[in-house]
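Protein chains in written order, with the working numbering: chain A, 1239 to 1559; chain B, 1239 to 1559. No residue lacks a Cβ here, since even glycine has one placed at the ideal position from N, Cα and C. Small disclaimer: the values here were computed from a predicted structure and weren't measured. Worksheet: the structure to be examined is printed underneath.
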């Protein structure tokens, strides 16, 4: 039995979408116990299929660490605490990223030997069905070469737990692929990473989404800039495509004719499929769904939490380090 | 009279495209003298409209700094040297970026007071006709807060010389916009940059191309990852759109109907319009066209060189610092 705690209240769309996601998920999974944290009244409709832990408040999206720690009756705080108390295997929230990361690190604690937990984000590549795992995309801001070495190890464990196979290509993002390229940090990390048999060297940012790389390592600052930059451009281009297809009667007709051929692209660009990012390096599977998740994407984040918990990702990391 | 030196041989497509670009350019500009560096025989067709400086070899694209310095008869070395000898206002090459950057720094020398020259790249935004200026995108790998402060100053001078108006929004790319966000470098640079009246704070990578930012400052490593990441995704999505529109008879018909509405997007995504990047901080206008430039994009890079030289960008930087 896999046991997962869910912060039912934290996202922009509140309990309406989390309740729907939980109902759908439990229809398909009979080996999972859900502990739902939230307002008892609104969770009434699912009281027979989940265990409810009542919470009294919701952390705001722009919540600071101090507030997150103090507001002990919030759904996020109570959910993360419940992981330890209930001996659960994972926790999921669509609330404030900052609060979730700090609370999971402070309450669930780091895995022994882990220096810095990292935020990991699976990302679609140009090869249909193939994802690349990016880390750190923003849990940390300043890293040591040893951090990057550990990120690779943790990314490997994630890859295996999520996709059921070994990562064959672990790369470090750099400003070039020749020896001698890189900043001070990547040059030192590159030396350390060569101890990892699945490390295949530097990769340039333009090739990260080509589909050859399995685990892509960045320091947390650069990874955050990469992820947000790429998401920004994809969103901009997606928006422009939509505008173009709705600009005139003629282009609308064009869309009807081309629609079918655009399906693979639209599917690939659908970030809702990915569901969420994960804080890796703490003693649980801590998944952060997008703040603006709908029931579909929250459901995907829940499936991710379940899969990683079932495949014992945390144990894999312990073995890997 | 504006005097520009051109390495006619360096790009992937050699003199065929540079000759065509020079011919077209000179038809439209009678206040510009071109000094063409290359194989005398192949430059024969333009010997009446330019001054020719013969060169005997071409640096390979993957050329190291040592080779670039030693191979003194190369078109790149001779072009950059000619800037000093001929008192030219600018230099343009489509050859090896590494060689061009090193030679321009070593031979043309840094502007007094400049710590680190930077590679600057203008980039289209979602607002048609509005570009954002990104720097450093890869001339340096490890920067000090003072470097970032100077990058902002140099970016301002570029913006004014290229677009004829003051940069109103200078931003520093960061992993968040709240005070307290950032890595050690950006936190310190943020304090320094507040001395600049046009500095309006941190920007997240996802908003860089929104069209509000005029000059966007990165350390050279992060800027390189951002630029290449964004180019990679844009290229991937462009390729997928093309595939979708050519996938079937129906989608081809759809393209014919929607084509007109897609024009603004296709124009925006056309990186050939931008022409090239610039090494800023040396004693000349040093423009590096894309290695795979065609006559059109090389012509745009030439126009950029001419515009910046005519508007005395180098003098502006001297005043700014």
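Taking C-beta pairs closer than 7 Å, name the residues in chain A that residue i reaches, listed in chain order.
i: residue 1491 (chain B); result: 1495
i: residue 1379 (chain B); result: 1413, 1420 and 1421
i: residue 1410 (chain B); result: Chain A residues near residue 1410 (chain B): none, gap ~11 Å exceeds 7 Å.
i: residue 1482 (chain B); result: 1496, 1499, 1500 and 1503
Under the DSSP definition of a beta bridge, which residues are partnered with residue i?
i: residue 1520 (chain B); result: B:1348
i: residue 1409 (chain A); result: A:1454
i: residue 1442 (chain A); result: A:1412
i: residue 1289 (chain A); result: A:1273
i: residue 1360 (chain A); result: A:1371
i: residue 1592 (chain B); result: No information on residue 1592 (chain B) is available, as it lies outside the stretch 1239 to 1559 that chain B covers here.
At a CB-CB cut-off below 8 Å, which residues of chain A make contact with residue i?
i: residue 1486 (chain B); result: 1498 and 1499
Once DSSP output is grouped into helix, strand and coil, what is the label at residue i?
i: residue 1527 (chain B); result: strand
i: residue 1281 (chain B); result: helix
i: residue 1375 (chain A); result: coil
i: residue 1184 (chain A); result: Nothing can be reported for residue 1184 (chain A): it is not among the residues displayed for chain A, which extend from 1239 to 1559.
i: residue 1274 (chain B); result: strand
i: residue 1255 (chain A); result: helix
i: residue 1546 (chain A); result: helix
i: residue 1355 (chain A); result: coil
i: residue 1393 (chain B); result: helix
i: residue 1332 (chain A); result: coil
i: residue 1482 (chain A); result: helix
i: residue 1427 (chain A); result: helix
i: residue 1369 (chain A); result: strand
i: residue 1245 (chain A); result: strand
i: residue 1435 (chain B); result: coil
i: residue 1535 (chain B); result: helix
i: residue 1514 (chain B); result: strand
i: residue 1312 (chain A); result: strand
i: residue 1447 (chain A); result: helix
i: residue 1551 (chain A); result: helix
i: residue 1418 (chain B); result: coil
Give me the residue from the options with the minimum Cα distance to residue i.
i: residue 1290 (chain A); options: A:1241, A:1334 and A:1309; result: A:1241
i: residue 1522 (chain B); options: B:1508, B:1546, B:1531 and B:1506; result: B:1546
i: residue 1537 (chain B); options: B:1248, B:1260 and B:1243; result: B:1260
i: residue 1464 (chain A); options: B:1439, B:1488, B:1479 and B:1413; result: B:1413
i: residue 1508 (chain A); options: B:1475, B:1504, B:1508 and B:1532; result: B:1475
i: residue 1479 (chain A); options: B:1486, B:1457, B:1500 and B:1540; result: B:1500
i: residue 1294 (chain B); options: B:1423, B:1456 and B:1277; result: B:1277
i: residue 1520 (chain B); options: B:1310, B:1321 and B:1472; result: B:1321
i: residue 1360 (chain B); options: B:1326, B:1419, B:1281 and B:1469; result: B:1469
i: residue 1243 (chain A); options: A:1279, A:1292 and A:1266; result: A:1292
i: residue 1531 (chain B); options: B:1557, B:1402, B:1333 and B:1559; result: B:1333
i: residue 1428 (chain B); options: B:1319, B:1553 and B:1409; result: B:1409
i: residue 1445 (chain B); options: B:1503, B:1297, B:1528 and B:1407; result: B:1407
i: residue 1281 (chain B); options: B:1467, B:1315, B:1502 and B:1256; result: B:1256
i: residue 1382 (chain B); options: B:1353, B:1404, B:1393 and B:1363; result: B:1353
i: residue 1279 (chain B); options: B:1528, B:1455, B:1490 and B:1247; result: B:1247
i: residue 1288 (chain A); options: A:1298, A:1402, A:1265 and A:1310; result: A:1265
i: residue 1420 (chain B); options: A:1452, A:1441, A:1306 and A:1457; result: A:1457
i: residue 1505 (chain A); options: A:1472, A:1400, A:1548 and A:1417; result: A:1472
i: residue 1542 (chain A); options: A:1390, A:1426, A:1398 and A:1375; result: A:1398
Tell me whether residue i, by its Cβ, gets closer than 7 Å to a heavy atom of the ligand ADP.
i: residue 1321 (chain A); result: As far as ligands go, the structure on display features none, and thus does not contain the ligand ADP.
Which whole-angstrom value describes the C-beta separation of residue i and residue j, a residue pair presumed to lie in contact below a C-beta threshold of 8 Å?
i: residue 1355 (chain A); j: residue 1555 (chain A); result: That pair is no contact at about 10 Å.
i: residue 1331 (chain B); j: residue 1245 (chain B); result: 4 Å
i: residue 1358 (chain B); j: residue 1370 (chain B); result: Not a contact, Cβ separation roughly 11 Å.
i: residue 1539 (chain A); j: residue 1525 (chain A); result: 5 Å
i: residue 1387 (chain A); j: residue 1423 (chain A); result: With a Cβ gap of about 11 Å, residue 1387 (chain A) and residue 1423 (chain A) do not count as contacting.
i: residue 1318 (chain A); j: residue 1345 (chain A); result: 5 Å
i: residue 1405 (chain B); j: residue 1393 (chain B); result: 7 Å
i: residue 1326 (chain B); j: residue 1273 (chain B); result: 6 Å
i: residue 1351 (chain A); j: residue 1559 (chain A); result: 4 Å
i: residue 1299 (chain A); j: residue 1529 (chain A); result: 6 Å
Who are the neighbours of residue i on chain B, taking C-beta pairs under 7 Å?
i: residue 1466 (chain A); result: 1442, 1443 and 1444
i: residue 1469 (chain A); result: 1444
i: residue 1447 (chain A); result: 1470, 1471 and 1474
i: residue 1536 (chain A); result: Here the premise fails: no neighbours, minimum Cβ distance about 22 Å.
At a CB-CB cut-off below 9 Å, which residues of chain B make contact with residue i?
i: residue 1462 (chain A); result: 1412, 1413, 1414, 1442 and 1443
i: residue 1439 (chain A); result: Correct list: empty, because the minimum Cβ distance to chain B is about 16 Å.
i: residue 1333 (chain A); result: Correct list: empty, because the minimum Cβ distance to chain B is about 17 Å.
i: residue 1376 (chain A); result: 1413 and 1414
Quick one: which chain A residues come within Cβ less than 9 Å of residue i?
i: residue 1478 (chain B); result: 1364, 1500, 1502, 1503, 1506 and 1507
i: residue 1306 (chain B); result: Ordered by position in chain A, no residue passes the 9 Å Cβ test against residue 1306 (chain B), which lies about 14 Å from the chain.
i: residue 1459 (chain B); result: 1412, 1413, 1420, 1421, 1423, 1424 and 1460
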